[in-house]
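For the record, in the sequence shown the residue sitting at position 362 is 363 according to my numbering, with numbers rising by one throughout. Shown next, in structure tokens, is the structure this report addresses.
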Amino acid sequence: MDKRSASTKFKFITVDALRLSTLPTQTQPNVGATPSRELTALSIATRRRSYGVGKQRGFTLLEMLLVIFLMALVASTGLMLTEGVEDQSKYDETKRRMELIRKAIIGDPTRTVNGAPEISGFVADMGRLPECLRELLEAVDCGNPGTALPVWNQDPNSGIGAGWRGPYLSVMSDHDSVKRFRDGYGNEDIDEDGAGIADDNDDVQNFGWIWQLYKADRITPTADPAEAVLIRIKSKGFDGLGGSADDYPDSPIDDVEPLVDKFDYEVNFQNWNTIIVRFQNNSASGVPVSISANALRLALSFSDDSQPDAVNELDSATFPSTAISVPSSSVVGSVNVTNATSLTVPTGTTLSGTTLTFNTAGDLTFTAGITVPVIAGNTANVPTGSTLAGTTLTIGSNGAITFPAGSVISVTTNFPGLPNIMGNYSLMVVCNDPANPNAVDGKRFDGDCDLYGDDATPLMYVPSNQPYLFSALPRSNPVAPPSPLLWTIE
């Protein structure tokens with residue numbers, strides 16, 4: 002056999018002999034092979050079944066339980082994660098709402114008006130702490146729900162506004178048209194009135210919050226806002242039960258940090274034991290203004306809802322101690338004096354007869370708390386018989402000391418007590434005539450204390466001069482009086 006014939010002769014090799022895998026695979030028939038060498042369709046199917054290929058079989062019970070367990074585990078994990086996120090969200094909302102309640106009560110000290118801190122909130126308007134949360138939403142007295150709180154009113158005499166001007170919390174009405182401000186968890190009061198059963202008196206005061214006022218000792222609860230100095234508040238938490246570990250804060254109510262403390266709204270009045278009132282007569286008529294002894298007083302007005310129109314008034318000691326006549330720009334004035342009283346004059350003052358000459362500027366000071374500033378060259382007339390020794394002038398007889406036109410007269414007075422609540426204040430000179438309280442007593446002084454109209458039909462009179470208005474803020478410098486209070490008579 003030659004090389005060519007040897008290379009072209011070959012022998013067929015079956016496909017099964019070339020398989021490396023033991024798994025049966027489908028083969029393609031070899032062209033030219035004899036039928037006896039090929040696998041029939043029946044033999045292929047037999048081989049596939051022998052290896053389990055093509056058999057139909059279900060899950061075992063153990064496999065089913067394992068799948069169900071894994072699905073439940075995944076679902077519960079997602080639920081726990083979602084619940085944690087929801088709880089945190091309600092917790093954060095509760096904290097935010099607590100801060101809103103605080104600002105509704107004492108205002109927002111970070112806000113300014115014309116560069117000065119804004120005076121706002123329930124305390125500034127009403128002069129006290131709210132008795133319950135409802136008073137921040139409605140003008141209703143929590144201690145006597147049938148009584149409305151005094152609403153905002155601008156007092157024409159003092160010039161200040163006072164009274165309820167809420168709502169102090171912005172909230173939409175519920176489906177029953179009632180406004181409620183709940184915590185972030187939506188808790189309710191199911192037995193707020195302590196009756197032991199749920200009734201119409203529940204959930205109308207504090208809307209699910211735990212709310213408590215305390216007296217000055219900080220540990221004794223009270224329901225009277227007039228004697229309360231602080232408020233503690235807490236949420237019943239996620240479970241809504243109260244007294245559980247998920248309350249916010251989780252301490253007992255008596256141990257909770259106050260939401261509003263007295264330092265947040267109380268103010269300090271300082272140096273009001275001596276207040277100087279300086280009268281200046283700007284009357285166009287040019288007539289001196291006569292003021293009888295003890296005919297006037299200072300009135301300090303401020304917010305206090307326990308008083309008519311929610312405006313309270315503290316009164317100073319009455320003045321002047323003796324009758325005075327405030328000079329105009331063209332007519333002299335005078336101060337009444339009695340025999341043997343002593344006055345202090347500026348250094349260098351001389352007396353010739355009844356004429357007192359001031360050679361240096363200074364004050365002519367009366368022992369009765371009256372002062373007249375003088376300038377060099379001014380003169381004053383004194384009663385007959387008066388003597389001068391150094392800077393002491395001794396009056397020789399009853400009479401009056403007269404002063405040049407254009408002079409001003411200052412008097413001093415004091416307050417026996419002062420308020421301590423933040424808010425807007427008014428200080429003014431008013432008529433002191435308790436016998437005529439309807440039209441004269443307390444009228445802003447503008448030159449006279451006459452009765453307008455008559456006792457039966459007094460007439461309202463609003464003077465042309467203005468009161469001294471100021472604001473008192475907590476956590477700031479002490480509130481000092483004007484020095485002096487310049488009171489113009491128009």
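Even for Gly, the Cβ is constructed at its ideal location relative to N, Cα and C.
Item: Three-way DSSP call (helix, strand, coil) for L24 in this model; Value: Its pLDDT being 47, under 50, L24 is placed unreliably in this model, and the coordinates cannot settle the point.
Item: Buried or exposed (CB count within 10 angstroms, at least 16 for buried), E491; Value: exposed
Item: Short Cβ contact (8 Å threshold) for G147 with A224; Value: no
Item: Inter-residue Cα distance where the pair is S335 and F404; Value: 6 Å
Item: Distance CB(I234)-CB(L214) smaller than 8 Å; Value: no
Item: Cβ separation of N437 and I161, assumed to be a contact under 8 Å, to the nearest whole Å; Value: Going by Cβ atoms, the distance from N437 to I161 rounds to 24 Å, so no, they are not a contact pair.
Item: Collapsed DSSP secondary structure at F264 in the structure displayed; Value: helix
Item: Residue burial classification, V431 (beta-carbon count within 10 angstroms, cutoff 16); Value: buried
Item: R98 vs D175 beta-carbon contact at 8 Å; Value: no
Item: Minimum C-alpha distance to N415 - residue among P328, V383, T342 and S317; Value: S317
Item: Residue from T393, P479 and A149 with nearest C-alpha to I422; Value: P479
Item: Of the residues V75, S171, S427 and T111, the one placed nearest I520, counting alpha carbons only; Value: Shown here, the chain extends from 2 to 491; a query on residue 520 therefore has no answer.
Item: Residue interval of the alpha helix (DSSP H) (run including D364); Value: Where D364 is concerned, there is no enclosing alpha helix (DSSP H), although the beta strand (DSSP E) it sits in stretches over G363 to F367.
Item: Cβ separation of K104 and G116, assumed to be a contact under 8 Å, to the nearest whole Å; Value: Wrong, their Cβ atoms sit about 20 Å apart, outside the cutoff.
Item: Stretch-stretch touch, CB-based, cutoff 8 Å, three pairs: the segment 152-169 with the segment 336-343; Value: no
Item: Separation of S252 from P464, as counted between CA atoms; Value: 56 Å
Item: Paired residues, beta bridge with W153 - DSSP; Value: The partner list for W153 (beta bridge, DSSP) is empty, contrary to what the question assumes.
Item: Rounded straight-line distance, which links the Cα of S304 to that of F280; Value: 27 Å
Item: Under the three-state DSSP convention, the category V346 falls into; Value: coil
Item: Cβ pair count under 8 Å reaching 3, the segment 264-284 against the segment 132-144; Value: no
Item: Candidates V373, P250, K96 and G443: closest to E314 by CA position; Value: G443
Item: L138 and P110 closer than 8 Å at C-beta; Value: no
Item: Close-in-space but distant-in-sequence residues of the same chain around A406 (CB under 7 Å, 5 per side omitted); Value: P328, S329, S330, S331, V332 and V333
Item: Simplified DSSP assignment, three categories, for F404; Value: strand
Item: Cβ neighbours of A149 in the same chain (closer than 6 Å, five flanking residues each side left out); Value: A140
Item: Close Cβ partners of A481 (< 7 Å) along its chain, the five nearest in sequence each way excluded; Value: Q271 and N272
Item: Nonlocal neighbours in the same chain, by C-beta distance under 7 Å from Y249, ignoring five residues either side; Value: Y92, T95, K235, S236 and G238
Item: Y469 - partner residues in DSSP beta bridges; Value: L428
Item: Continuous beta strand (DSSP E) stretch holding F280: start and end; Value: I276 to N282
Item: Close-in-space but distant-in-sequence residues of the same chain around V412 (CB under 7 Å, 5 per side omitted); Value: V278, F320, P321, G370 and I371
Item: Under the three-state DSSP convention, the category N478 falls into; Value: coil
Item: Span of the alpha helix (DSSP H) around V124; Value: F123 to M127
Item: Local conformation of E314 per DSSP, three classes; Value: strand
Item: Three-state secondary structure (DSSP) of V441; Value: coil
Item: Coil, strand or helix - E183 by DSSP; Value: The question names Glu, but residue 183 is Arg in the sequence shown. DSSP places R183 in coil when its eight states are reduced to three.
Item: Beta strand (DSSP E) segment containing G334, residue limits; Value: G334 to V338
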